[in-house]
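Notes follow the structure.
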DNA sequence: TGGGGATTGATACAGTATAACATATCACCT
DNA sequence: AGGTGATATGTTATACTGTATCAATCCCCA
């Protein structure tokens, strides 16, 4: 298994591609990819970084007119439901999905696993699997019905572990 | 792999055992298991439930004299560092460790996996393993240095999935 | 054209967590 | 005994994260 997120790449191209895919996916699913939602998605795509809702709020507010928290949270909820972004529980933050091309939006067997750099907050996303997430067996044995899964690792990304890696 | 937490058991005995083990472990590690810390630990042991810091704060405050948030968070930090409790990221909450007897405090290969009931907040803890957490391969492939791991599933426990299981 | 669903705006507030500084306690040394 | 440093606790204020509520708007379509 490999993880997307730490390699160098054509960033503006990658953003354009993601936007285009998002447009078409929302259109197919009869979801409204409105300007507000698109704007929030663009902001999250900018850095391949996990961003807090209030970080996004601040950037949105740069345009002069004031923006309130519910605006951001509504857009984030929409993007989460559409499978375009993920919530990073460990950070109470959000990051754009990097595996859009690989699976369908509602693909339940897609169990994303995240590698989170505690220094630069870059997030890499690996394609996990139910059979290897360490939960399925335990749940089956005890009669627990799993609905959602969280698999995250925090540490240092390749770039940050080169230089100063003091906590 | 099995999970502890959903079975019936001798609860007051289990609390006493846990407290005794905590005492001796802290003593061995030269950590101070002070009354404030012990009290917070007792509260978490009461229910085998994930509890928010402010839930604990409220119970602590019942004793008349006022208690402030930092008091609770400091106790929680200590108990986390001592390996006596876990933080449940999905809920921003805390739960007593149920596998005290099975491993040492600083055992890094111990990767706890949690089954969280969204209805009653009961938490079961399964003994995970690095080799099956779906992260090790991806991290190794990309040069990421993992420091901490989060593996959590949310759903319905056996008891709650019997009755009304509407979200 | 007007009714209903989805979206957005705006205000207020709830819940989670920490910064900063003061005080207390205790072990240890001289 | 008195000084000193490490650890723990008390107190106040504030930062960060998220939601409830109600009003206004937009847009599709019968």
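Residue numbers (our numbering), protein chains in the order written: chain W, 1 to 167; chain Z, 1001 to 1167. Ideal Cβ placement from N, Cα and C applies to all residues, glycine included.
Pair within 9 Å by beta-carbon distance, residue i and residue j
i, j, result
"residue 139(W)", "residue 146(W)", "yes"
"residue 159(W)", "residue 125(W)", "no"
"residue 1111(Z)", "residue 1072(Z)", "no"
"residue 1005(Z)", "residue 1048(Z)", "yes"
"residue 93(W)", "residue 22(W)", "no"
"residue 19(W)", "residue 45(W)", "yes"
"residue 1079(Z)", "residue 1088(Z)", "no"
"residue 36(W)", "residue 91(W)", "no"
"residue 1100(Z)", "residue 1155(Z)", "no"
"residue 2(W)", "residue 1142(Z)", "yes"
"residue 180(W)", "residue 97(W)", "Nothing can be reported for residue 180(W), as the shown portion of chain W is limited to 1 through 167."
"residue 1054(Z)", "residue 1069(Z)", "yes"
"residue 1038(Z)", "residue 1031(Z)", "no"
"residue 1029(Z)", "residue 135(W)", "no"
"residue 1058(Z)", "residue 1015(Z)", "no"
Neighbour flag for residue i against chain Z, beta carbons, 9 Å
i, result
"residue 165(W)", "Interpretation of residue 165(W) is limited by its pLDDT of 49, a score under 50 that renders its predicted location unreliable; the figure taken from the coordinates is listed afterwards. Yes, because at least one Cβ of chain Z sits closer than 9 Å to the Cβ of residue 165(W)."
"residue 5(W)", "yes"
"residue 24(W)", "no"
"residue 195(W)", "Outside the displayed range of chain W (1 to 167) lies residue 195(W), so it cannot be described from this structure."
"residue 66(W)", "no"
"residue 121(W)", "no"
"residue 11(W)", "no"
"residue 105(W)", "Caution applies to residue 105(W), whose pLDDT of 48 falls short of 50 and renders its modelled position unreliable; the value that the coordinates give is listed next. By this cut-off, residue 105(W) is not an interface position."
Below-9 Å beta-carbon distance, residue i vs any chain W residue
i, result
"residue 1078(Z)", "no"
"residue 1153(Z)", "yes"
"residue 1081(Z)", "no"
"residue 1124(Z)", "yes"
"residue 1089(Z)", "yes"
"residue 1062(Z)", "no"
Bridge partners - residue i, DSSP secondary structure assignment
i, result
"residue 85(W)", "96(W)"
"residue 4(W)", "125(W)"
"residue 154(W)", "116(W), 1148(Z)"
"residue 1111(Z)", "1128(Z)"
"residue 1049(Z)", "1122(Z)"
Under 7 Å from the C-beta of residue i: neighbouring residues of chain W
i, result
"residue 1157(Z)", "144"
9 Å Cβ cut-off: residues of chain Z touching residue i
i, result
"residue 99(W)", "Chain Z residues near residue 99(W): none, gap ~12 Å exceeds 9 Å."
"residue 2(W)", "1137, 1138, 1141, 1142"
Chain W residues whose Cβ lies nearer than 9 Å to that of residue i
i, result
"residue 1115(Z)", "135, 138, 139, 142, 144, 146"
Distance cut-off 8 Å: residue i Cβ against heavy atoms of the ligand NAD
i, result
"residue 5(W)", "Absence of the ligand NAD from the depicted structure is noted, as is the absence of any ligand whatsoever, leaving it without description."
task = Could you run through the segment 1138-1153 of chain Z and flag, in chain order, every residue whose CB is less than 7 Å away from some CB of chain W?
result = 1138, 1139, 1141, 1142, 1143, 1144, 1145, 1146, 1147, 1148, 1149, 1150, 1151, 1152, 1153
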